[in-house]
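Colleague:
Number of protein chains: 2
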Amino acid sequence: MCLSRFLICGLFLLCFFSNLKSQETDDAIFIKNIYNKVLQDGSAYQWLNHLTTQIGGRLSGSPQAAEAVDYTRAMLDSLGLDSVWLQPCEVPHWVRGEKEEVHILIPAANINLPALALGNSVATPPSGITAEIIEVRSLDEVEKLGAKNIKGKIVFFNRPMDPTQIRTFNAYGGAVDQRVNGPSEAARYGAVATLVRSMTTLHDDHPHTGVMVNKEGINKIPAVAISTNAAEMLHKMLLEKKVTIYMKTNCQTLDPVQSYNVIGEIKGSTYPDEIILVGGHLDSWDVGQGAHDDGAGCVHAMEVIRTLKELNYQPKRTLRCVLFMNEENGLAGGLAYAEAANKKGEMHLAAVESDAGGFTPRGFSCDAENEVFADLYLKLQQWLPLLEPYGLMLTKGGSGADISPLKSQRGLLVGFRPDSQRYFDYHHTATDTFEAVNQRELELGAASITALIYLIDKHGL
Amino acid sequence: MCLSRFLICGLFLLCFFSNLKSQETDDAIFIKNIYNKVLQDGSAYQWLNHLTTQIGGRLSGSPQAAEAVDYTRAMLDSLGLDSVWLQPCEVPHWVRGEKEEVHILIPAANINLPALALGNSVATPPSGITAEIIEVRSLDEVEKLGAKNIKGKIVFFNRPMDPTQIRTFNAYGGAVDQRVNGPSEAARYGAVATLVRSMTTLHDDHPHTGVMVNKEGINKIPAVAISTNAAEMLHKMLLEKKVTIYMKTNCQTLDPVQSYNVIGEIKGSTYPDEIILVGGHLDSWDVGQGAHDDGAGCVHAMEVIRTLKELNYQPKRTLRCVLFMNEENGLAGGLAYAEAANKKGEMHLAAVESDAGGFTPRGFSCDAENEVFADLYLKLQQWLPLLEPYGLMLTKGGSGADISPLKSQRGLLVGFRPDSQRYFDYHHTATDTFEAVNQRELELGAASITALIYLIDKHGL
């Protein structure tokens, strides 16, 4: 190589690397601006306050869910986005009815157990159900015990969430089959009802509800969660003697209801056909205020769009905030969204869901179709030096229930992962209220997701 | 190299690496056992319950501090350690006296401001102090304003903690000079009293106390923290008009009191002269229950020793749990400990302090004398693959106030670093109670510190 070509080449490399460096610095500065904006002048906490304390629990089909649609639409409308609209989806309408009752029948007096019917549970007969309890630890145990032991009894699923799991979602995943599939499995062998130990590692008196699935062709039986303290007490009594309980549930499944996903969008300036979605789910269970699950995720998603807008950021790609309806008991919103997107031939370059609470951010869990995953993950990892100063890591794993139907579009799916230690203290229970959310932790979540969305938009995938 | 030597050499390397591998696996298994033990069968949470709800705030010299000495000594005694003892230290005895009063004098009515006298503050005259307020943002501003503007007035330090700092301790460090040195600086120019905005990023009605220093040769003036909401209100009033306030404090500095560090020890089997210390501080402020600051640190340290003992771990080095007295307003315990250690010619291979709350662990901050730091830090970093699965990182930085006098022994100093987002919501205020501590978060902290202590003991430094 002659000297001049050598020098030109060197100069080129110098420019290239100094550009790279200045690009990194620009990104670092913009990300710092994002955090400053959210921490000093955020809206997420006030929005969450309204959604939780003014509207409250937002079960699909309820007046509160409809109110939440109206409220968040109005809030998105106020941000001056390119478009805000409602996307229809028909949602199931399950109602708890009058408060459920569970008590242990003992000679002297009855002992009330703190209880909540599971979502999709049927009602007991008006006179309730009185039957003997049989305790099991797993669905397999039900199968082994078979009809001769199960028939006519109330099956009590009492395998605790494993407290030694560091990630509490793993402990939940290891126990929740009892709640989701336990009732139908018990009914298959003739059980008349089901009790399930609440899905939490706490030892307290709050029952935690959640969805159960009535399997096709199997008799539907009432299913109720009892608090962990009640489960422990019942377990101890059963070691000594037979226990008979009385339970009454008053649930009903009404006709499906017309509901909506709430969507706000800023059109991309350069690649408008590449969509970057950020979302949470607007519905919650009826008990509590749906603060961590998933009011936090909704206001995270709204704050991402608001922050970029307020910082006068012009996205190259189309940014779309989607507040999904009916994640908890049907996924109607997520499925309707994906179906409409596929029909229109839309391409989601990336979709980020926040559905793990408003706690201190720890990072993002990344998913995609096998053939494209490695390339996408490599790209993300290049941004780690920009994310690590904010305590953010990347892991491989699931993303979010609402966005998972988009996986076939071969884009990147991301689940926001905050610290999980307190999540199952509040999950699906009366204590999931505004007070359980820390403002800074919530805001840091919003800023972290905004930073990731910014990087994806700025540099593509 | 001949074939046989080549083979022998290869065999040697194989053995070496498979030993290394099996050592790593042994460590991983033992660390998992530590977490399992603490999360399933921990004592930290119950100990903290007693220390906070049964004993309460434990200001140096108070009956509660003495009770905490007795209680923790009894708990350490019950663990079957090699020795448990009290180490004397004389502590200052400042008392708040009757509740302080601060109110704004306005024609129609007085507005009470939520207030707490700062530790070491003097009392106002019995009739209180009535004077005009002058607001400043820094100690420099006091100097610039000088005697002609300051004399006879009450100086109001109102620079907020910077909410955009991701690590809240940095925000605290950037504002706390106003509380520590503000009063004497104001007195230097003739101020009659000081108000300080509470050290928190929260906007609420809880005043946060903390230590102030009366500089030698400067007139001592009363100093009071007011809540952040009160500070904002006062700031707005001052934009419009002159404001006069009335304040009364009833503090006293009584005669010093004999107090103690509480120490429990397991003697090392192989290197008994190499001491590994784990500690927290037993004293707290008088308001609240001293739960995060630093009941959590004390029960962390106790749980480290208990867990290793219960797992039948035989330490090679001497493990010492030290609960220091008087961190908050004097450091008498930390200084007495280091003095006694140096006098006996003791060598602390490592000292780990937990004094940042009982929140989800994020890692450890490491410190040492310059000449030895690099080697020590490199050694620690080799263990990262064992710590990262538990969300633990290593950083360079400060360790803990109580152990810092040991630095000259040229060992490793470590500060346990949990998530800091909620710490200053509770720090030095009435809400630092048992309820503010989450059991899992507390236990994960204890397990994390135990894992580090185990690695240091097992492999040395």
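Just so you know, the sequences run in chain order Y and S.
Per numbering that gives the first Met the number 0, residue 0 is the first one in the first sequence, and the count goes up by one each step.
Per numbering that gives the first Met the number 0, residue 0 is the first one in the second sequence, and the count goes up by one each step.
Ideal Cβ positions, reconstructed from N, Cα and C, are used throughout, including at glycine.
Since this is a predicted model, take the numbers as computed values, not measurements.
#1: Give a yes or no on whether the minimum CB-CB distance between N228/S and chain Y is below 7 Å.
#2: Span of the alpha helix (DSSP H) holding I133/Y?
#3: Counting Cβ pairs, one atom from each stretch, are 3 or more of them under 8 Å apart for the region 261-277 of chain S and the region 31-39 of chain S?
#4: When you compare the CB of P162/Y with every CB in chain S, is at least one pair closer than 7 Å?
#5: For the alpha helix (DSSP H) containing C297/Y, list its first residue and its last residue.
#6: Select from L454/Y, R421/Y and K315/Y the residue whose C-alpha is nearest the C-alpha of K266/Y.
#7: Which one of V90/Y, N109/Y, L80/Y and M346/Y has the shortest CA to CA distance from E309/Y?
#8: How many whole angstroms separate the CB atoms of T199/Y and D424/Y, which I take to be in contact at a CB cut-off of 8 Å?
#9: For the beta strand (DSSP E) that G356/Y lies in, which residues bound it at each end?
#10: So Y171/Y is in the alpha helix (DSSP H); what residue range does that whole segment cover?
#11: Cβ of L348/Y versus every heavy atom of the ligand ADP: is any distance shorter than 6 Å?
#12: List, in order along the chain, the chain Y residues whose C-beta lies closer than 8 Å to that of N437/S?
#13: To be precise: take each residue of the region 26-46 of chain S, compare its Cβ to all Cβ atoms of chain Y, and keep it if any distance is under 7 Å. Which residues remain?
#14: Name the two residues that bound the continuous beta strand (DSSP E) containing H234/Y.
#15: Does the CB of I463/Y have a neighbour CB from chain S at under 7 Å?
#16: Between which residues of its own chain and V413/S is the CB-CB distance below 6 Å, once the five residues before and five after are set aside?
#17: Could you list the residues in the region 439-452 of chain Y with a C-beta less than 8 Å from some C-beta on chain S, going in chain order?
#18: Starting from Q257/S, trace the beta strand (DSSP E) both ways and give me its first and last residue.
#19: Rounded C-beta distance between F155/S and I128/S? I'm assuming under 8 Å.
#20: If you check the beta carbons only, do G467/S and S353/S fall under 7 Å apart?
#21: Could you name the residues that DSSP lists as bridge partners for G278/Y?
#22: Going along chain Y in order, which residues have a C-beta closer than 7 Å to the C-beta of T359/S?
#23: Applying the 10 Å Cβ sphere with the 16-neighbour rule, what's the burial state of D282/S?
#24: So, helix, strand or coil for H347/Y, using DSSP?
#25: Are the Cβ atoms of G356/Y and H291/Y separated by less than 7 Å?
#26: Anything in chain S within Cβ reach of W200/Y, meaning under 8 Å, just list it in chain order.
#27: So, are the CB atoms of Y44/S and Q438/S less than 7 Å apart?
#28: Return the CA-CA distance between A335/Y and R319/Y, expressed in angstroms with no decimal places.
#29: DSSP on P182/Y, reduced to helix/strand/coil?
#30: Taking 8 Å as the cut-off, does the region 161-181 of chain Y touch the region 206-217 of chain Y (at least 3 CB pairs, one atom from each stretch)?
#31: How is the alpha helix (DSSP H) around I149/Y delimited, first residue to last?
#32: When we look at the beta-carbon of I28/Y and count the other beta-carbons within 10 Å, is it buried (16 or more) or exposed?
#33: Taking only the alpha-carbon atoms, compute the straight-line gap between T52/S and N311/Y and give it to the nearest angstrom.
#34: Please name the residues in the region 379-392 of chain S whose beta-carbon is closer than 8 Å to at least one beta-carbon of chain Y, in chain order.
#35: Considering K457/S, what are the terminal residues of the beta strand (DSSP E) in which it resides?
Modeller: Looking at the coordinates:
#1: no
#2: First-last for I133/Y: I128 to V135, but that is the beta strand (DSSP E), not the alpha helix (DSSP H).
#3: no
#4: yes
#5: A295 to E309
#6: K315/Y
#7: L80/Y
#8: 6 Å
#9: No beta strand (DSSP E) holds G356/Y; DSSP gives it neither H nor E.
#10: T167 to G172
#11: Absence of the ligand ADP is noted for the structure shown, with no ligands found whatsoever.
#12: Q420, R421 and D424
#13: Y34, N35, L38 and Q39
#14: Taken as a continuous stretch (DSSP letters only), H234/Y belongs to no beta strand (DSSP E), being part of the alpha helix (DSSP H) at T227 to E239.
#15: Outside the displayed span of chain Y (0 to 460) sits residue 463/Y, for which this structure offers no information.
#16: V351, F363, C365 and S398
#17: R439, E440 and L443
#18: Q251 to I265
#19: F155/S to I128/S, Cβ: 13 Å. No contact.
#20: Because residue 467/S is not part of the residues shown, which for chain S are 0 to 460, the question remains open.
#21: V321/Y and E352/Y
#22: D418 and Q420
#23: buried
#24: strand
#25: yes
#26: Sequence check: residue 200/Y is Thr here, not Trp. Within 8 Å Cβ-Cβ: R439.
#27: yes
#28: 16 Å
#29: helix
#30: yes
#31: L138 to I149
#32: exposed
#33: 51 Å
#34: P388, Y389 and G390
#35: That residue, K457/S, is in no beta strand (DSSP E); its alpha helix (DSSP H) goes Q438 to H458.
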